[in-house]
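Novice: Okay, here's the structure, questions in a sec.
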Ligand SMILES: Nc1ncnc2c1ncn2[C@@H]1O[C@H](COP(=O)(O)OP(=O)(O)OP(=O)(O)O)[C@@H](O)[C@H]1O
Ligand SMILES: [Mg+2]
């Protein structure tokens with residue numbers, strides 16, 4: 003099995019208003035690791051994340067070039083089955099979006115849509131996903147309560163569990179803890195450290211501190227360009243580029 007799950011080659015993307023949000027980005031994303039995309043607002047982090055599961059299809063793009071290879075297949079190829087791709091590459095967003103259903107139903111919803119009807123299978127997947135998302139103990143006695151009644155931090159972990167229930171291979175998280183208190187944030191971060199044993203994780207952190215805490219590998223983006231990429235430990239102690247250092251030290255933001 004190749005160590006790299008995702009290989010991005012010379013990716014350039016321009017929105018229809020002319021904004022060039024990625025310029026010649028090349029990087030390889032390792033499996034069983036947390037790879038962090040960090041940098042100031044507008045750097046292209048979310049745009050890159052959305053290329054990995056083709057969520058950019060929903061916005062107007064003027065031009066794009068380059069490749070995003072996942073397990074060797076270019077997912078930007080128009081022939082890619084986007085439904086299959088999005089099952090393989092799950093995404094968690096900044097604001098938890100729970101469905102107006104019970105906790106249980108939130109988790110099994112996607113599986114039911116995919117045709118799974120066996121209660122035992124659904125129950126098993128639900129328990130497994132909630133455990134992986136580090137929320138099982140908090141909800142196991144109230145699975146039929148509305149998910150919306152949970153705290154924001156709990157809802158976010160329910161959203162993570164919902165993604166996990168579909169057994170993706172890659173999990174994308176775009177500032178998943180931006181609205182959470184420090185305790186919930188810590189729980190999500192701890193869950194990611196467990197999850198990386200099985201999955202490939204790509205995280206846009208909400209702060210440099212979170213990037214430093216979580217990154218096995220870190221990529222610094224500035225105005226659509228990948229400035230520096232390497233091991234997290236090195237990046238946050240001895241960055242190679244002056245611009246990376248300035249950003250990490252808070253000299254601009
Ligand atoms: N749907 C869109 N249409 C036009 N331009 C867009 C769209 N989405 C993003 N952009 C532009 O593309 C550039 C990169 O945006 P992107 O959202 O990827 O940055 P980001 O690094 O995620 O920033 P933030 O930290 O604020 O989330 C910005 O200049 C942004 O204004
Ligand atoms: Mg963003």
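Numbering (our numbering), first residue to last: 3 to 255.
Beta carbons are placed, not taken as given, at the ideal position from N, Cα and C, and that holds for glycine.
#1: Rounded to the nearest angstrom, what separates residue 78 and residue 67 at their Cα positions?
#2: Let's test the definition: count the other Cβ atoms within 10 Å of the Cβ of residue 23 and tell me whether it reaches 16, buried, or not, exposed.
#3: To the nearest angstrom, how far is the alpha carbon of residue 9 from that of residue 54?
#4: Report back the beta-carbon spacing between residue 171 and residue 219 to the nearest angstrom; my notes put them in contact at under 8 Å.
#5: For the segment 65-126, list the beta strand (DSSP E) runs that are entirely contained and at least 3 residues long, ordered along the chain.
#6: Who sits around ligand 2, taking every residue whose Cβ is closer than 7 Å to one of its heavy atoms?
#7: Mind pulling the beta strand (DSSP E) runs of 3 or more residues that sit fully within the segment 161-233?
#8: Between the C-alpha atoms of residue 129 and residue 147, what's the straight-line distance to the nearest angstrom?
#9: To the nearest angstrom, how far is the alpha carbon of residue 84 from that of residue 206?
#10: Taking C-alpha atoms, which residue in 111, 100, 13, 217 lies nearest to residue 34?
#11: Please report the residue range of the alpha helix (DSSP H) in which residue 246 lies.
#12: Can you tell me where the alpha helix (DSSP H) with residue 52 in it begins and where it stops?
#13: Only counting the same chain, and skipping five residues up and downstream in sequence, which positions put a Cβ closer than 6 Å to that of residue 12?
Specialist: Taking the coordinates as given:
#1: Against the chain shown, residue 78 aligns to sequence position 76. Against the chain shown, residue 67 aligns to sequence position 65. Their Cα atoms are separated by approximately 9 Å.
#2: Here residue 23 refers to the residue found at position 21 when the chain shown is read from its first residue. Label assigned to residue 23: buried.
#3: As a working mapping, residue 9 is identified with position 7 in the chain shown. As a working mapping, residue 54 is identified with position 52 in the chain shown. Separation of residue 9 and residue 54 (C-alpha to C-alpha, rounded to the nearest whole angstrom) is 10 Å.
#4: Position 169 of the chain shown holds residue 171. Position 217 of the chain shown holds residue 219. Not a contact, Cβ separation roughly 17 Å.
#5: Annotation note: the segment 65-126 contains the following uninterrupted beta strand (DSSP E) runs of length 3 or greater, listed N- to C-terminal: 91-94.
#6: 47, 48, 176, 177, 206
#7: 172-176, 202-206, 219-224, 227-233
#8: Numbered from 1 along the chain shown, position 127 holds the residue referred to as residue 129. Numbered from 1 along the chain shown, position 145 holds the residue referred to as residue 147. Roughly 15 Å between the two C-alpha positions.
#9: Translated into the one-based positions of the chain shown, residue 84 becomes position 82. Translated into the one-based positions of the chain shown, residue 206 becomes position 204. Looking at the two C-alpha atoms, the distance is approximately 22 Å.
#10: Against the chain shown, residue 34 aligns to sequence position 32. For the residues 111, 100, 13, 217, the minimum Cα distance to residue 34 belongs to 217.
#11: The residue given as residue 246 occupies position 244 in the chain shown. 244-250 is the span of the alpha helix (DSSP H), which, as asked, contains residue 246.
#12: Position 50 of the chain shown, counted from the start, is the residue given in the question as residue 52. Taken as a continuous stretch (DSSP letters only), the alpha helix (DSSP H) holding residue 52 covers 47-54.
#13: The sequence position of residue 12 within the chain shown is 10, counting from 1. So the qualifying residues of the chain are 26, 28, 68.
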